[in-house]
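Numbering (the working numbering), first residue to last: 1 to 264.
Right, here's the structure in full:
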């Protein structure tokens, strides 16, 4: 996609949500011969999210993450999963610089996403509580989060899973045809239809290579040994109204999330 100046700019952004298979999606799209994904992958650009990075200017962003792209040859994209929770500020910044960009959001059963987030925080040394204790004290811990952890938000387990609240800023700012929604569970059950959908959406040819089981998202993230049936039922009740709101906002069906309480 080109700006009025003729400069090629990103065509699409994977804007969320964290712990929903977006790293797998980045890697698969990077392998497509017509797609150039922002490099390096880590740390994620977060240009439209972090004020200090945004202050460096759009030219800095393009040089930092897209300098290696062969102009005219690639459809370009980036992945910053925290854009989703960035609210009006992020949505408006993206719209200002990339008025024709297409946004991709991947959503996962919010209970599984929250627990995967918890496992990540525990693995990286941020978390010492049990999952039950963590979600029960989440609101207070977020409120008292130290400044050095503000950009990580390691305890936002439930709040990051309330997709509808975060998505509103983007549905208010962008037309429906520039918002694409993907279910993590669809990627697990078989990625090819999802990838074909995304290829059509961003305007490239379908993948020609065979997608094998080895290319699937990490299904080990589905284990939930820390969730009792009682806790899972409680969380299912908590998320139910938010999931219904998400269906209304997106026009998508998330019935797949209405699973038995002891199912991961």
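Ideal Cβ placement from N, Cα and C applies to all residues, glycine included. Bear in mind that the values here come from a model prediction, so they are computed numbers and not experimental data.
- By the criterion of at least three beta-carbon pairs nearer than 8 Å, the stretch 58-70 is not in contact with the stretch 103-118.
- Excluding five sequence positions before and after residue 142, the CB atoms of its chain that fall closer than 8 Å to its own CB belong to 153, 155, 156 and 159, given in chain order.
- According to the DSSP assignment, residue 79 belongs to the beta strand (DSSP E) that extends over 75-79.
- About 7 Å separates the beta carbons of residue 167 and residue 105, which is inside the 8 Å limit, making them a contact pair.
- Ranked by how close their Cα comes to the Cα of residue 135, the residues 117, 176 and 149 have 117 in first place.
- Taking 4 residues as the shortest admissible run, the stretch 153-185 contains the following complete alpha helix (DSSP H) segments, listed from N- to C-terminal end: 163-173.
- Annotation: residue 144 to residue 92 spans about 28 Å, alpha carbon to alpha carbon.
- Per DSSP, residue 12 is one residue of the beta strand (DSSP E) stretching across 12-16.
- Under DSSP, no beta-bridge partner is assigned to residue 187.
- In the three-state scheme derived from DSSP, where H, G and I count as helix and E and B as strand, residue 150 is classed as coil.
- Looking from the CA of residue 62, the closest CA among 51, 49 and 45 belongs to 45.
- Secondary structure note for residue 36: its beta strand (DSSP E) is the uninterrupted segment 35-37.
- Counting only runs that start and end inside the stretch 87-126, the beta strand (DSSP E) elements of at least 3 residues fall at 102-107.
- Spanning the alpha carbons of residue 72 and residue 38 requires a straight line of approximately 15 Å.
- Using a 10 angstroms sphere on the CB of residue 28, the tally of other CB atoms reaches 16 or more, which defines it as buried.
- For residue 236, the enclosing alpha helix (DSSP H) begins and ends at 229-250.
- Using a Cβ distance threshold of 9 Å, residue 164 and residue 88 do not count as a contacting pair.
- Ranked by how close their Cα comes to the Cα of residue 198, the residues 8, 90 and 13 have 13 in first place.
- With a cutoff of 9 Å on beta-carbon distance, residue 119 and residue 20 are scored as not near each other.
- Minimum Cα-Cα distance from residue 172 among the listed residues 250, 138 and 42 corresponds to 250.
- The residue among 170, 77 and 99 with its C-alpha nearest the C-alpha of residue 11 is 77.
- Judged by DSSP secondary structure, residue 23 falls within the alpha helix (DSSP H) whose first and last residues are 22-30.
- Secondary structure at residue 8: strand, using DSSP grouped into helix, strand and coil.
- Around residue 162, the same chain offers 110, 239 and 242 as residues with beta carbons nearer than 8 Å, after the five sequence neighbours per side are excluded.
- In the three-state reduction of the DSSP assignment, residue 134 falls in the helix class, which pools H, G and I.
- Between residue 58 and the set 97, 85, 42 and 75, the nearest pair of CA atoms involves 97.
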